[in-house]
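S.K.:
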Amino acid sequence: MTSDALASRCDELRQPVLDLVETGILATMKPSAVPQLAERIEAVRAVLAAGTAGIAEPAYLDWHPVAVATLHRMDAAARAGDAAGAWALFKDPNIGFNALGEACQGVPGW
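Adding 559 to a residue's 1-based position in the sequence shown gives its number in this note's numbering.
(1) Taking Cβ positions, are residue 672 and residue 564 nearer each other than 7 Å?
(2) Reducing DSSP to helix, strand and coil, say where residue 584 ends up.
(3) Of all the options 609, 652 and 617, which has the alpha carbon lying nearest to the alpha carbon of residue 664?
(4) By Cβ distance, which residues of its chain are closer than 8 Å to residue 622, with the 5 residues on each side in sequence left out?
(5) Quick check on DSSP: helix, strand or coil for residue 569?
(6) Does the separation of the CB atoms of residue 642 and residue 587 fall below 7 Å?
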């Protein structure tokens, strides 16, 4: 069973992360989309800025600080015009967003 706080946070993350995936892929092929990539990164960062209050699930608590750091690095890459570098960070098996599904495990839709 997941906490209400985790369910809420994962629901808040769903669309911004999907938007980030879409724009991350697009920006690697279309440099003019890089400014939008930075905006999408910021949208995910805004959700994560709410912190972890009320969330007790270890997978999310482990994932959260890694995700915040990864988004920081992705933002730096995007602002430098390196969409491929930002996307590589997102997909990285160690620090990327692949663990979000595990962090939101038990939440419908994840």
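The beta-carbon is built from N, C-alpha and C at its ideal position, and this holds for glycine as well. Being a predicted model, the structure only gives us computed values, none of them experimental.
M.R.: From the atom records:
(1) A question about residue 672 goes unanswered here, because the residues of the chain that appear run from 560 up to 669.
(2) helix
(3) 617
(4) 658, 659, 661 and 662
(5) helix
(6) yes
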